[in-house]
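Enquirer:
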Amino acid sequence: MASTRRTILKTGGAAVIIAAGAGWALTRAPKEAREPWRAAADGFGDVRLDALAYAILAPNPHNMQPWRIELKDDGLAFTIHCDLDRLLPETDPPNRQITIGFGCFLELFRQAAAEKGLLAEFDYFPDGEPWPTLDERPIAHVRLLEGARVPRDPLFGEVLNRRTNRAPFDESRTIESSALDAINAASVSGIDAGATTDLVLVEELRALAVDAWTAEWSNAATRRESIEVTRIGKREINADPWGLALAGPLMEGINAVGLLTREEMDVTGSTSYEQSLEFYNKACRTAAAFAWTTTATNTRRDQLEAGRAWVRMQLAANAAGIAFHPLSQALQEFPVMAPHYEKAHQLLAGGDGRTVQMLVRLGYAKAPPPAPREALTAKLIEV
Ligand SMILES: Cc1cc2nc3c(=O)[nH]c(=O)nc-3n(C[C@H](O)[C@H](O)[C@H](O)COP(=O)(O)O)c2cc1C
Numbered sequence: 001m002a003s004t005r006r007t008i009l010k011t012g013g014a015a016v017i018i019a020a021g022a023g024w025a026l027t028r029a030p031k032e033a034r035e036p037w038r039a040a041a042d043g044f045g046d047v048r049l050d051a052l053a054y055a056i057l058a059p060n061p062h063n064m065q066p067w068r069i070e071l072k073d074d075g076l077a078f079t080i081h082c083d084l085d086r087l088l089p090e091t092d093p094p095n096r097q098i099t100i101g102f103g104c105f106l107e108l109f110r111q112a113a114a115e116k117g118l119l120a121e122f123d124y125f126p127d128g129e130p131w132p133t134l135d136e137r138p139i140a141h142v143r144l145l146e147g148a149r150v151p152r153d154p155l156f157g158e159v160l161n162r163r164t165n166r167a168p169f170d171e172s173r174t175i176e177s178s179a180l181d182a183i184n185a186a187s188v189s190g191i192d193a194g195a196t197t198d199l200v201l202v203e204e205l206r207a208l209a210v211d212a213w214t215a216e217w218s219n220a221a222t223r224r225e226s227i228e229v230t231r232i233g234k235r236e237i238n239a240d241p242w243g244l245a246l247a248g249p250l251m252e253g254i255n256a257v258g259l260l261t262r263e264e265m266d267v268t269g270s271t272s273y274e275q276s277l278e279f280y281n282k283a284c285r286t287a288a289a290f291a292w293t294t295t296a297t298n299t300r301r302d303q304l305e306a307g308r309a310w311v312r313m314q315l316a317a318n319a320a321g322i323a324f325h326p327l328s329q330a331l332q333e334f335p336v337m338a339p340h341y342e343k344a345h346q347l348l349a350g351g352d353g354r355t356v357q358m359l360v361r362l363g364y365a366k367a368p369p370p371a372p373r374e375a376l377t378a379k380l381i382e383v
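Each residue of the sequence shown is one higher than the one before, counting from 1 in our numbering.
1) If you draw a straight line from the C-alpha of V360 to the C-alpha of W292, how long is it?
2) Taking P326 as part of the beta strand (DSSP E), name the residues at either end of that continuous run.
3) I need the straight-line Cα distance from F122 to S328, nearest angstrom please.
4) In or out: S218 buried (at least 16 other Cβ within 10 Å) or exposed?
5) Quick one: using the 10 Å Cβ neighbour count with 16 as the cut-off for buried, is Q346 buried or exposed?
6) Let's test the definition: count the other Cβ atoms within 10 Å of the Cβ of V142 and tell me whether it reaches 16, buried, or not, exposed.
7) Using a threshold of 8 angstroms, state whether the C-beta atoms of A319 and L205 are closer than that.
8) Taking 8 angstroms as the threshold (beta carbon to beta carbon), is K379 in contact with chain D?
9) G101: beta carbon under 7 angstroms from a heavy atom of ligand 3?
10) Tell me, which residues are paired with M358 by DSSP?
11) Would you call the CB atoms of T174 and A288 closer than 8 angstroms?
12) Let me confirm a value: N95 is counted as buried when at least 16 other C-beta atoms fall within 10 Å, else exposed. Which label applies?
13) Less than 8 angstroms separating the beta-carbons of G128 and R137?
14) Taking 8 angstroms as the threshold (C-beta atoms), are A220 and H340 in contact?
15) Check whether the Cβ atoms of A367 and N165 lie closer than 8 angstroms to each other.
16) G13: buried (16+ other C-beta within 10 angstroms of its C-beta) or exposed?
17) Contact between the segment 220-240 and the segment 249-267: three or more CB pairs below 8 angstroms?
18) Would you call R68 buried or exposed, if buried means 16 or more other Cβ atoms sit within 10 Å of its Cβ?
19) Please name the residue in E70, A195, E305 whose C-alpha comes closest to that of A349.
20) Tell me whether A371 is buried or exposed, calling it buried when 16 or more other Cβ atoms sit within 10 Å of its Cβ.
21) Roughly how many angstroms lie between the CA atoms of Y124 and F78, to the nearest whole one?
22) Tell me whether R231 sits in a helix, a strand or coil according to DSSP, three-state version.
23) For A140 and P126, I'd like the C-alpha separation in whole angstroms.
24) Please say whether N238 and E374 have beta carbons closer to each other than 8 angstroms?
25) So, using beta-carbon positions, are L118 and V150 closer together than 8 angstroms?
26) Measure from the alpha carbon of V181 to the alpha carbon of each residue in M313, M337, R163, R301, then state which is nearest.
27) In its own chain, which residues sit with a C-beta less than 6 angstroms from the C-beta of K234, not counting the 5 before and 5 after it?
28) For D192, list the residues DSSP reports as bridge partners.
29) Can the beta-carbon of A330 be found less than 8 angstroms from the beta-carbon of L208?
30) Do you know whose CA, among T133, A283, L160, lies nearest P93's CA?
31) Quick one, are the C-beta atoms of Q357 and A306 less than 8 angstroms apart?
32) Just reading off the beta strand (DSSP E) that I69 is part of, what are its end residues?
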């Protein structure tokens, strides 16, 4: 007899029991959307594509994957452009976070190339820095150089296991300062990294993260931007393997009974709305430590370098068994966020005009499965 798995969801005063056959539950993984993680490990038999297969696994805001890759004929170079249809104008008006995502992409490309003994040479914004927003101009020209005797990067071993972890963290565990030192040491030149387990500051940052997420979710335009790219369940995730994915039998179950739908998420006070708010806020309150980065200026180049530092610090956290969850809300540049932005800069940048590029909570939690990715071939363009 097929066994049945029961999940109890508490919603307001009521409790809903969602029952599902265990066999069914096991079939809900969006396997096709996770295929690029396996494809990277398998390789394409071409050094440039092999390294690009890792680059597309980079962390990036809302998993928008705005990469447009123009391969050059010589087999060793490419130009990377931004897909301007994959921006987040409400939550990321100056495209600062999207640019950071490109820095993460370039760093993973660099590490993957180094594995094969190739040096990746970057020419950032060869036609000038696009301001106030990104435009048609390329993000970078990239060239692989052979025979440069480039060392392998020990962080590369973590690339396929790297995850953004939005789960509540284990509140009984603290983080050793040596682990925080290792995470900060992974940053790159020009990007200052900080971290704390100080209870007073951690508590202030938890409260800031909760206030900032509440501000973002309560604001219709930013909330809708996220809802529009949210996919619920295997079918939607496999069909569009980019954007925010709510995967797994529980998500599909509560979606099927109408407790979690995109339409309802946008209705203030509905279960879907409140669950989305509370899920994230609950997670923020379990931060064991925080890490952040700052830059003296805020050029597009700084943002790319901040992205390189970002993914390196995440890989270092992974190596130490520490879960890593960016909480970017308070760093965002839309009007409703202004008081939280100011508070974040007061707390983390010492009020000396530096820009906070990254804020993450750290702690211990089981790693989630890999996030969806579009196939590398879907990201190659001809111009
Ligand atoms: C610049 C930047 C900002 C991000 N901000 C957040 C955030 O505020 N909250 C969050 O849950 N994830 C955030 N992320 C993580 C992305 O959502 C995540 O990388 C993406 O969904 C892909 O998942 P993966 O990192 O597990 O591959 C951010 C990532 C980047 C690069």
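For each residue, glycine too, the CB sits at the ideal point set by N, CA and C.
Expert: Taking the geometry as given:
1) On the sequence shown, position 360 is the one that residue 360 refers to. On the sequence shown, position 292 is the one that residue 292 refers to. Taking the straight line joining both Cα atoms gives about 6 angstroms.
2) Stepping through the sequence shown from its first residue, residue 326 is reached at position 326. 323-326 is the span of the beta strand (DSSP E), which, as asked, contains P326.
3) One-based indexing of the sequence shown puts residue 122 at position 122. One-based indexing of the sequence shown puts residue 328 at position 328. Taking the straight line from one Cα to the other gives about 27 angstroms.
4) In the sequence shown, counting from the first residue as 1, residue 218 sits at position 218. Label assigned to S218: exposed.
5) Residue numbering aside, residue 346 sits at position 346 when the sequence shown is read from its first letter. The residue in question, Q346, is exposed, as its Cβ has fewer than 16 Cβ neighbours within 10 Å.
6) Here residue 142 refers to the residue found at position 142 when the sequence shown is read from its first residue. Per the 10 Å Cβ criterion, buried.
7) For the purposes of this step, residue 319 is taken as the residue at position 319 of the sequence shown. For the purposes of this step, residue 205 is taken as the residue at position 205 of the sequence shown. Contact flag unset, no.
8) Absent here is chain D; the protein component of the structure consists of one chain.
9) As for ligand 3, it is missing from this structure, which binds only ligand 1.
10) Sequence index remark: in the sequence shown, residue 358 carries index 358 (1-based). For M358, which the question treats as bridged, DSSP gives the partners T293.
11) Your numbering for residue 174 matches position 174 in the sequence shown. Your numbering for residue 288 matches position 288 in the sequence shown. Yes. Within cutoff.
12) To locate residue 95, count along the sequence shown from 1; it is residue 95. Answer is buried; the Cβ neighbour count reaches 16.
13) Here residue 128 corresponds to residue number 128 of the sequence shown, with the count starting at 1. Here residue 137 corresponds to residue number 137 of the sequence shown, with the count starting at 1. Contact: yes.
14) For the purposes of this step, residue 340 is identified with residue 340 of the sequence shown, where counting begins at 1. For the purposes of this step, residue 220 is identified with residue 220 of the sequence shown, where counting begins at 1. It is not a contact, given that the beta carbons lie outside the stated cut-off.
15) Here residue 367 refers to the residue found at position 367 when the sequence shown is read from its first residue. Here residue 165 refers to the residue found at position 165 when the sequence shown is read from its first residue. Against a cut-off of 8 angstroms, the Cβ pair of N165 and A367 comes out as a contact.
16) Locating residue 13 in the sequence shown gives position 13, where the first residue counts as 1. Any answer about G13 is weak, because its pLDDT of 48 lies below 50 and its placement is not dependable; what the coordinates show is given next. G13 is exposed by the Cβ-count criterion.
17) yes
18) Start at 1 with the first residue of the sequence shown, and residue 68 comes out as number 68. Answer is buried; the Cβ neighbour count reaches 16.
19) Here the question's residue 349 lines up with position 349 in the sequence shown. Nearest C-alpha to A349: A195.
20) Here the question's residue 371 lines up with position 371 in the sequence shown. Burial call: buried.
21) Within the sequence shown, numbered from 1, the residue matching residue 124 stands at position 124. Within the sequence shown, numbered from 1, the residue matching residue 78 stands at position 78. Cα to Cα, Y124 sits roughly 12 angstroms from F78.
22) Walking along the sequence shown from the start, residue 231 turns up at place 231. Correct three-state label for R231: strand.
23) Here residue 140 refers to the residue found at position 140 of the sequence shown. Here residue 126 refers to the residue found at position 126 of the sequence shown. A140 and P126: Cα-Cα distance of roughly 6 angstroms.
24) In the sequence shown, counting from the first residue as 1, residue 374 sits at position 374. In the sequence shown, counting from the first residue as 1, residue 238 sits at position 238. In this structure, N238 does not lie closer than 8 angstroms to E374 by Cβ.
25) Locating residue 118 in the sequence shown gives position 118, counting from the first residue. Locating residue 150 in the sequence shown gives position 150, counting from the first residue. Cβ distance < 8 angstroms, so L118 and V150 count as in contact.
26) Within the sequence shown, the letter at position 181 stands for residue 181. It is Asp, not Val, that sits at residue 181 in the sequence shown. Nearest of M313, M337, R163, R301 to D181, Cα basis: M313.
27) Along the sequence shown, one-based indexing puts residue 234 at 234. Excluding sequence neighbours, K234 sits near R28, P30.
28) On the sequence shown, residue 192 is found 192 positions in, with the first residue counted as 1. Paired residue(s): T294.
29) As a first step, residue 330 is located in the sequence shown; it is residue number 330 there, counting from the start. As a first step, residue 208 is located in the sequence shown; it is residue number 208 there, counting from the start. Closer than 8 angstroms, so yes.
30) Indexing the sequence shown from 1 puts residue 93 at position 93. P93 has its Cα closest to that of T133, out of T133, A283, L160.
31) Mapped onto the sequence shown, residue 357 falls at position 357. Mapped onto the sequence shown, residue 306 falls at position 306. A contact, by the Cβ cut-off of 8 angstroms.
32) Reading the sequence shown from its first residue, position 69 is the one you call residue 69. Taken as a continuous stretch (DSSP letters only), the beta strand (DSSP E) holding I69 covers 67-71.
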